[in-house]
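Residue numbering for the sequence shown follows UniProt numbering, beginning at 1 and increasing consecutively. Read the structure below first, then the notes.
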Amino acid sequence: MSPTPTSVSVASRPLLDTRYKVETPEGIDLILRPAGLVPRALAFSIDLLIRGALLGALFAVLALLGQFGMGLGTILLFLVTWWYMVLFEVLNQGRSPGKQMMGLRVIHDDGTPIGWAASLTRNLLRFVDILPFGYTLGILSCLNHPAFKRLGDIAAGTLVVYRDNASTAPELPQAEALRAPFTMSLSEQRALLSFAERSQSLSSARRQELASILAEPLQVPAEQAEQHIHGIARGLLGPT
Numbered sequence: 001m002s003p004t005p006t007s008v009s010v011a012s013r014p015l016l017d018t019r020y021k022v023e024t025p026e027g028i029d030l031i032l033r034p035a036g037l038v039p040r041a042l043a044f045s046i047d048l049l050i051r052g053a054l055l056g057a058l059f060a061v062l063a064l065l066g067q068f069g070m071g072l073g074t075i076l077l078f079l080v081t082w083w084y085m086v087l088f089e090v091l092n093q094g095r096s097p098g099k100q101m102m103g104l105r106v107i108h109d110d111g112t113p114i115g116w117a118a119s120l121t122r123n124l125l126r127f128v129d130i131l132p133f134g135y136t137l138g139i140l141s142c143l144n145h146p147a148f149k150r151l152g153d154i155a156a157g158t159l160v161v162y163r164d165n166a167s168t169a170p171e172l173p174q175a176e177a178l179r180a181p182f183t184m185s186l187s188e189q190r191a192l193l194s195f196a197e198r199s200q201s202l203s204s205a206r207r208q209e210l211a212s213i214l215a216e217p218l219q220v221p222a223e224q225a226e227q228h229i230h231g232i233a234r235g236l237l238g239p240t
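Laid out in structure tokens, this is it:
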């Protein structure tokens with residue numbers, strides 16, 4: 001028997017966002033949010049400024065010690081350049097000061113905390129990411145990878161994600177509770193609820209773009225899809 005229009009699955013439609021799902025050994029799905037190029041670049045810039053200020057202060061003091069101070073400064077320059085990020089990532093839950101200010105952290109691909117070997121690998125390979133100049137290879141890799149990984153992340157098996165903070169459940173947009181025109185799986189229900197919860201943080205154009213993807217399976221015109229999704233999300237939650 002050929003499937004009826006009401007049996008079209010949302011799962012067969014294009015992905016709604018770039019969230020990254022990890023299944024733990026216990027069979028629990030972790031939904032992570034990979035950080036894109038801009039927040040990562042801002043975090044790195046903050047760390048670069050901190051390192052520059054730190055080295056500037058150290059060299060100002062060491063200059064008073066003459067040649068011995070300059071020799072010691074060379075050692076400190078190496079340590080700060082190559083170990084600043086590693087120490088913070090491993091000892092501070094994957095967060096350098098820049099990442100912490102931007103709400104980011106680096107983890108293994110399986111969602112576990114980053115270790116020494118992975119952190120060393122991803123940071124030592126920065127010299128590849130900066131080639132031929134200005135982080136060109138790193139930027140191209142980040143823009144073309146579905147999880148926004150630079151080459152160092154690919155080699156180390158790491159992922160930079162947003163650090164989710166405990167918060168109250170977002171308020172759904174006002175809409176009349178509706179029933180979906182087809183039976184929805186748990187993942188499909190989560191997708192619609194996620195869209196409704198995040199709608200206030202998305203631009204109008206982005207909301208319409210995402211909602212139009214579901215217009216066909218929801219059997220509504222594209223311009224009505226967003227409000228229809230909000231209604232279905234209300235119906236899934238039931239009386240509040």
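Backbone N, C-alpha and C fix where the C-beta goes; we use that ideal spot for every residue, glycine too. Nothing here was measured: the structure is a model prediction, and the numbers come from that model.
Discussion item. In the DSSP assignment, the alpha helix (DSSP H) including Leu193 goes from what residue to what residue?
Written reply: From DSSP, the alpha helix (DSSP H) with Leu193 extends over Leu186 to Arg198.
Worksheet item: Grouping DSSP H, G and I as helix and E and B as strand, with all else coil, what is His230?
Response: In this structure, His230 counts as helix in the three-state DSSP scheme.
Item to complete: Please classify Ser96: is it buried, with 16 or more other beta-carbons within 10 angstroms of its beta-carbon, or exposed?
Response: buried
Practice prompt. For the UniProt domain "RDD" (35 to 156), list the beta strand (DSSP E) runs that are entirely contained and at least 3 residues long, ordered along the chain.
Written response: Entirely contained in the UniProt domain "RDD" (35 to 156), the beta strand (DSSP E) runs reaching 3 residues are, in chain order, 104 to 108.
Worksheet item: CB-CB under 7 Å to Met102, same chain, minus the five flanking residues each way: which ones, in chain order?
Response: Pro39, Leu42 and Ala43
Item to complete: With DSSP as the reference, please indicate the residues paired to Leu32 in a beta bridge.
Response: Tyr20
Worksheet entry | Three-pair Cβ contact test at 8 Å for the segment 126 to 137 versus the segment 57 to 67 | no
Discussion item. I'd like to know if the segment 175 to 191 and the segment 226 to 236 are in contact, where contact means that at least 3 CB-CB pairs between them fall below 8 Å.
Written reply: yes
Discussion item. With H, G and I counted as helix, E and B as strand and the rest as coil, what does DSSP make of Leu214?
Written reply: The answer is coil: DSSP assigns Leu214 none of H, G, I, E or B.
Worksheet item: Which residues bound the beta strand (DSSP E) around Thr158?
Response: Per DSSP, Thr158 belongs to the beta strand (DSSP E) from Thr158 to Tyr162.
Discussion item. Can you confirm whether the segment 213 to 233 touches the segment 178 to 195 when touching is taken to mean that 3 or more C-beta pairs between the two stretches lie within less than 8 Å?
Written reply: Enough Cβ pairs lie closer than 8 Å, so yes.
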